[in-house]
Amino acid sequence: MGASQAATREHTLRAFDNQRPISGFNPTFTGCVLACAAYYQQHESMPDKTRPPTGAQINYLEGFVVKGLSALAALHAGLFPGWTADIENPGYLIRQIPPSFFRVPVHLIAVFPEDNSLRVVWELAQRVRTDAASIMYISGSNAIHKILEYVDDVDFCEYIPKYGRDLEQCIARKFVDDGPVICVRIAGNGVEKDRPLDTPEVRAALSLTSPSEVANATIKLDFLWRRGHDRAFNVSNVLIVCDSVFKSAGFERTFSYQEAQVSAVDFVPNPLTNAMEIGRYVCWLIEAVKIYRDKGNLLKAVKRALSLTRVCWLNGFSDEIKHILDNSTLLIDQEITTSEQIAKTLGSLSLPDLSVDILTVESYIKILRAQREVCLIRERQLYPDGVCDAAHKLISRILLVVSAESGGAIE
144 MGASQAATRE
154 HTLRAFDNQR
164 PISGFNPTFT
174 GCVLACAAYY
184 QQHESMPDKT
194 RPPTGAQINY
204 LEGFVVKGLS
214 ALAALHAGLF
224 PGWTADIENP
234 GYLIRQIPPS
244 FFRVPVHLIA
254 VFPEDNSLRV
264 VWELAQRVRT
274 DAASIMYISG
284 SNAIHKILEY
294 VDDVDFCEYI
304 PKYGRDLEQC
314 IARKFVDDGP
324 VICVRIAGNG
334 VEKDRPLDTP
344 EVRAALSLTS
354 PSEVANATIK
364 LDFLWRRGHD
374 RAFNVSNVLI
384 VCDSVFKSAG
394 FERTFSYQEA
404 QVSAVDFVPN
414 PLTNAMEIGR
424 YVCWLIEAVK
434 IYRDKGNLLK
444 AVKRALSLTR
454 VCWLNGFSDE
464 IKHILDNSTL
474 LIDQEITTSE
484 QIAKTLGSLS
494 LPDLSVDILT
504 VESYIKILRA
514 QREVCLIRER
524 QLYPDGVCDA
534 AHKLISRILL
544 VVSAESGGAI
554 E
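Here this note's numbering = 1-based position in the sequence shown + 143.
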């Protein structure tokens, strides 16, 4: 490290020393995570990046990751009653709330949904599950539900040990409208189709799925979940097409660090201890933060920044992100847009008995708009220069700290 780079890093660290709660910052494991990101970044820039990484450094990193995740899981099991460290799968905490079972990455446990929501998550996972042999995960915003007042949709990831004709037959069963969860769209393997879904084109695309090629190893199903007492929800399920031992090229389309297992099984197809995968996730998050920020989609940028700070163990930023989201119109504007889209989707479905669902979401939108006016007053009081300015500054600080903690290896 050059003298100027070291001075910049020291200045940045001093600037944020007062903002690091002891419980929210683990300098050793933060450094380990960012070392994995630096290794991944370097590997991807090499001429022969397809060669699997081997050698002293990757072995050291993976050994450190296993020890660090095991220690953090044991520590957090003591902090969160009812959760137990998963000894066989380092970095996970497990919880049994009969009949449901959850296996959650330790960096998400503090923001994971509370018990009163978990039964609903479990039941919904079983409804969207494509095959009994699959391993289900909840992912995305729902894994950090304690931070987000509004969650616009529910995302699942399903590792399914079927492909080709077998997978085609499994998915075709999801096209039947026999309950509160209605399949409305399919995408992947060269096809993007709204209802009607059971067509020769869709079946032909599904019959060509394969776990050996990235382009053919993922399928996304979109559902509409009619909740009855509340507005309908968008639900997505990304299928990772696996072979019989749960290996798949489709792992490149997801990240284990954003997934919590919702299956009663003692097997983790995509473990947390792969140093290259940690690095890939961190680098993807940093790039996503910058892209969304530059495009002006600050809510997406802030959400990605939240995930970045969790996985890097810079958890002191979580409260600052939550403060912005709780006291601005960013989330409620997204909720209004999502609800309007759901009302439109409901109106386009040729199904009986949807009038009540449509009225429910329309009434909900009216309530949201009234709440937005109150929220806007609070936002203007707290952020006189605008919430966009506050979000930009927070994102910049997070990226600066990540860069500083990586010793300048990650910009």
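Glycine included, every Cβ here is placed at the ideal spot set by N, Cα and C.
Cβ atoms of residue j and residue i: under 7 Å apart, would you say?
i: K363; j: G331; result: yes
i: E301; j: M279; result: yes
i: S355; j: A403; result: no
i: V425; j: A448; result: no
i: C518; j: I467; result: no
i: T416; j: V208; result: yes
i: V247; j: L236; result: yes
i: F172; j: W456; result: yes
i: Y203; j: G422; result: no
i: V445; j: I429; result: no
i: P323; j: R272; result: no
i: D341; j: I303; result: no
i: L502; j: E478; result: no
i: I508; j: R436; result: no
i: L451; j: A534; result: no
i: A268; j: V405; result: yes
i: V384; j: F366; result: no
i: D500; j: L489; result: yes
i: P195; j: H186; result: no
Am I right that residue i and residue j are in contact with their C-beta atoms under 8 Å? What's the rounded C-beta distance?
i: S471; j: Y526; result: 7 Å
i: P233; j: L212; result: 4 Å
i: V345; j: I329; result: 6 Å
i: V249; j: L215; result: 5 Å
i: A358; j: I201; result: Going by Cβ atoms, the distance from A358 to I201 rounds to 27 Å, so no, they are not a contact pair.
i: T361; j: L382; result: 6 Å
i: E548; j: G174; result: 7 Å
i: N413; j: S399; result: 4 Å
i: I498; j: Q401; result: In the sequence under discussion, the amino acid at residue 498 is Ser, which differs from the Ile named in the question. With a Cβ gap of about 37 Å, S498 and Q401 do not count as contacting.
i: Y460; j: I520; result: At residue 460 the sequence reads Phe, which differs from the Tyr that was named. Not confirmed; about 26 Å, so no contact.
i: A180; j: I434; result: Rounded, the Cβ-Cβ distance is 17 Å, inconsistent with contact.
i: W226; j: A220; result: 6 Å
i: L473; j: V530; result: 7 Å
Can you tell me which of the three DSSP states residue i falls into?
i: T197; result: coil
i: I237; result: strand
i: A534; result: helix
i: A491; result: Going by the sequence as given, residue 491 is Ser instead of Ala. In this structure, S491 counts as helix in the three-state DSSP scheme.
i: S243; result: strand
i: E231; result: coil
i: G167; result: The pLDDT assigned to G167 is 38, lower than 50, so where the model puts this residue is not dependable; a value taken from the coordinates is nonetheless given after this. In this structure, G167 counts as helix in the three-state DSSP scheme.
i: K192; result: coil
Query - Length-filtered (4 minimum) alpha helix (DSSP H) runs lying within the segment 250-337 - result: 258-271 and 307-315
Report task. May I ask you to verify whether the segment 482-495 touches the segment 373-384, counting CB pairs closer than 8 Å and requiring at least 3? Result -> yes
Query - Complete alpha helix (DSSP H) runs within the segment 333-421 (minimum length 4 residues, chain order) - result: 343-350
Query raised in the report: In chain order, which continuous runs of the alpha helix (DSSP H) of length 4 or greater are located wholly inside the segment 434-481?
Result: With a minimum length of 4 residues, the continuous alpha helix (DSSP H) runs that stay inside the segment 434-481 are 441-454 and 459-469.
Requested in this report: Pair every Cβ in the segment 304-323 with every Cβ in the segment 339-354, then say whether three or more of these pairs are closer than 8 Å.
Outcome: yes
Query - Ordered list of alpha helix (DSSP H) runs contained in the segment 497-554, each at least 4 residues - result: Counting only runs of at least 4 residues, the segment 497-554 fully encloses the following alpha helix (DSSP H) elements, listed from N- to C-terminal order: 498-525 and 530-548.
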